[in-house]
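Heads up: the sequence shown is residues -21 to -1, 1 to 482, going by mature numbering (1 follows the signal peptide of the UniProt record, and there is no 0).
Single-structure report; data block below.
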Amino acid sequence: MSKRIVLALIVAPCLKSIVFAAVNKLQEHMQQYESNLARLQEGESLSIRKMVEPSGRRNHGCAVINDRHINILGRWAESTEEMSVGTEEMRFRPCSATKDDPDLCNLNHVVAVPIQIASNRTEIWLPCGFTGHRVGSEHSARYARIVHTDTLKVSRGPKLHIAGGACAALALPIHKKRLPAICTFGGTDGSHDYGTFLRTVSCYDLNSKLWFKPFANLPQGLDHANAILIDAGACHPNDPPRILLLNFRFQHFANMRTEIFIADLPSHGFTSSRTNKKKIKAIKWSLFSNNTQSLPRDASGAIAIKHGRYIVQYGGVFYAYDTAKKYAQKTKLIADEIMSAVGGLISSPIHSRNRGWHIRMDFAEIRALDICNSRDWFHVGRLRTSRFATQTCRSDDYVFTCGGRKGGQKGAKYGSGRDKQNLRDCEIQPTHHLELMVQNAATRTERRRERRPTQVQDPNVATLLHQRLSEEGRRALSTSKYHRVEELSESLLLNNYFASSSL
């Protein structure tokens, strides 16, 4: 028997097993793909408890390119990863720092801005962030980063106009035939805990490669905000495109705000004053709404649907402060029961030398805002676990909320690396299903408002508290510093929440 025949007899079974394994793997992926798509088409949300990065992600960026979801950098996560919606296939690329830029991959509190450079080329820009993974040691980055979606490679972009972390950012149209401008809103210059809150709005013209300032300063320095671009004609045919800035804070770990700022964009677009001889009139900001009945929260995910008619917020965090541990424990007992109505979670009292005793309130709630009608937040649903320091991004087909910081609820999948507080799961929802949920919730909320007599004022906060709290909670309320408890309860007790909760 020749050597070739012997070799063929040996190799053939191996090749056969390899081919069969590949075919079986392909069939499994196809079945998973079809199963996931079927579930998504039926409106069922998927919770994929898997990330390539073992320590999970938070304070990261995200983008959706076609059916691919991309997570970018973040605290303790010096990498980019890509997930296919149908198959859950993962592609992972560690980020490698260079000698010239040792902090290239060390970036958190970022926001991702996808830019289609050409028909076959898309880049994701990160125009702000903090370097330094350890909490309390972050400092604002001085250069933008660019993610190349074909390879997931991270490279250094232009020097920032003003160094700022935890900013909001958008790609804004300059001209139909030109690349957009990347604009940053607010942020913190310096360290995360003690830096300066910025009022500036800076835009980078991708055509001229220049920074310019088409906007007036913000009414107040802020960070951890969400910026939403509203399409022209969202509410009325003659409405211009608009920007809403919301879900921000005015102080470090405090003073989360209910205000929403708005700016109308010129219909003809805008350009850098260095490339345009005409003097540009600064685009001014005004107050869009300020619903103080709703508890503010930031470090959350937010997207727009229906051309910006509805803004949907996912999760978030709120901090409350007290001067004594004893009071903080009583406040926690009361607040825990109130927060259960919206799927939130209260942390144990934490002491800070500079801020005294404080309580962190984490949210699992999904809530929405109708910019055309009441401009009030209303309850839509809940995430599977409370989370903040997260990002939500969407395509025409899917909405993703991935990673974030854990709220401590049972069943959540946490990271196992240097930062065990990072979540490493994704929650996926069909966009059309979310739109139906929001529209149904909006209809229910409007009907509830119509049934409520206008001449009858809302019940007293203390009365609502006593109706809702357990006997133990009522005892704590009666023995607490009442005016402080009432102050907290006025923020927490939301009429919309009580009306829509299952309690």
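Backbone N, C-alpha and C define an ideal beta-carbon position, used for all residues, glycine too.
None of the values given here were measured: they were computed from a predicted structure.
Determine the burial state of I96: buried for a count of at least 16 other Cβ atoms within 10 Å of its Cβ, exposed for fewer. Exposed, because fewer than 16 other Cβ atoms sit within 10 Å of the Cβ of I96.
Restricting to Cα atoms, I'd like to know which of H39, R157, I290 is closest to P106. Closest by alpha carbon: H39.
Exposed or buried, what is R113 when buried is set at 16 or more other beta-carbons lying within 10 Å of its beta-carbon? R113 comes out exposed.
What are the boundary residues of the beta strand (DSSP E) that A42 is part of? Bounds of the beta strand (DSSP E) holding A42 are 40 to 44.
DSSP bridge partner residues for K385 (one or two, in chain order): Paired residue(s): R366.
Measure the C-alpha to C-alpha separation of I125 and N99 and round it to an integer number of angstroms. Taking the straight line joining both Cα atoms gives about 16 Å.
Inter-residue CB distance, E102 and C74 (contact presumed, cutoff 8 Å): With 8 Å as the limit, E102 and C74 do not qualify as a contact, their Cβ atoms being about 15 Å apart.
By DSSP's criteria, H48 is part of a beta bridge. Which residues make up the other side? H48 is bridged to V43, M62.
Alpha-carbon to alpha-carbon, N85 and G115: One Cα belongs to G115, the other to N85, and the distance between them is close to 15 Å.
When the Cα atoms are used, what is the spatial distance from A150 to A281? One C-alpha to the other measures close to 16 Å.
Taking Cβ positions only, does K260 come closer than 7 Å to chain D? This model lacks chain D altogether, as it is built from one protein chain only.
Could you tell me the distance, in whole angstroms, from the CA atom of C214 to the CA atom of L223? Their Cα atoms are separated by approximately 14 Å.
For A283, which residues from the same chain have a beta carbon less than 6 Å from its beta carbon, with the 5 sequence-adjacent residues on both sides left out? Only I207, I290 meet the Cβ criterion.
For L225, I'd like the list of residues in its chain whose CB is within less than 6 Å of its CB, leaving aside the five on either flank, ordered along the chain. Counting only Cβ-Cβ distances below 6 Å, and skipping sequence neighbours, we find N205, I239.
Start-to-end residues for the alpha helix (DSSP H) that takes in A347: No alpha helix (DSSP H) contains A347, which is instead part of the beta strand (DSSP E) from 344 to 349.
Quick check: what's the CA-CA separation for N439 versus P219? Because the pLDDT of N439 is 44, which lies under 50, any placement of that residue in the model is unreliable, and the number read from its coordinates should be weighed accordingly. Distance between the alpha carbons of N439 and P219: 41 Å.
Quick one: residues in its chain with C-beta nearer than 8 Å to the C-beta of T130, no 5 flanking neighbours on either side, listed in chain order? Non-local beta-carbon contacts of T130 in its own chain, meaning distances under 8 Å to residues more than five positions away in sequence, involve R72 in chain order.
Please state whether DSSP places R72 in a helix, a strand or coil. Strand at R72.
What whole-angstrom Cβ distance do A145 and H88 have, given they're in contact under 8 Å? Their Cβ separation, rounded to whole angstroms, is 4 Å, which keeps A145 and H88 in contact under 8 Å.
Rounded to whole angstroms, what is the Cα-Cα separation between H412 and Q418? Near 10 Å, if we compare the C-alpha coordinates of Q418 and H412.
Going by C-alpha to C-alpha distance, which of L189, F342, R373, Q199 sits closest to F176? Comparing Cα-Cα distances from F176 to each of L189, F342, R373, Q199, the minimum goes to Q199.
Just mark L201 as buried or exposed, buried being the case when its beta carbon has 16 or more other beta carbons within 10 Å. It is buried - the Cβ of L201 has at least 16 other Cβ atoms within 10 Å.
Would you list the residues sitting across from H118 in a DSSP beta bridge? T110, S170, per the DSSP bridge assignment.
Opposing strand residues paired with H88 [DSSP bridges]: Paired residues: none, contrary to the question.
Assigned secondary structure, N99 (DSSP; H/G/I helix, E/B strand, else coil): Note: N99 maps to coil in three-state DSSP.
Does the beta-carbon of C405 have 16 or more other beta-carbons within 10 angstroms, so that it is buried, or is it exposed? It is buried - the Cβ of C405 has at least 16 other Cβ atoms within 10 Å.
Going by DSSP in three states, H203 sits in which element: helix, strand or coil? Looking at H203 - three-state DSSP - the assignment turns out to be coil, as it is neither helix nor strand.
Going by other Cβ atoms of all chains shown within 10 Å of its Cβ, with 16 needed for buried, is S246 buried or exposed? Of the other Cβ atoms in all chains shown, fewer than 16 fall within 10 Å of the Cβ of S246; this residue is therefore exposed.
With 16 other CB atoms within 10 Å as the buried threshold, where does S265 fall? Around the Cβ of S265, a 10 Å sphere holds fewer than 16 other Cβ atoms; the residue is exposed.
For G53, does the count of other Cβ atoms within 10 angstroms reach 16, so buried, or fall short, so exposed? So G53 counts as buried.
Can you tell me whether Y173 is buried or exposed? The criterion is at least 16 other CB atoms within 10 Å of its CB, across all chains shown. Residue burial annotation: Y173 is exposed, with fewer than 16 other C-beta atoms found within 10 angstroms of its C-beta.
D184 beta carbon less than 7 Å from that of A211: Contact flag unset, no.
Counted within 10 angstroms of its Cβ, other Cβ atoms place F379 as buried (16 or more) or exposed: F379 sits buried, since 16 or more C-beta atoms from the chains shown fall within 10 Å of its C-beta.
Helix, strand or coil at G280 according to DSSP, with G and I counted as helix: Strand, per DSSP.
Run of the beta strand (DSSP E) containing R428, from where it starts to where it stops: From DSSP, R428 is part of no beta strand (DSSP E) but of the alpha helix (DSSP H) over 410 to 430.
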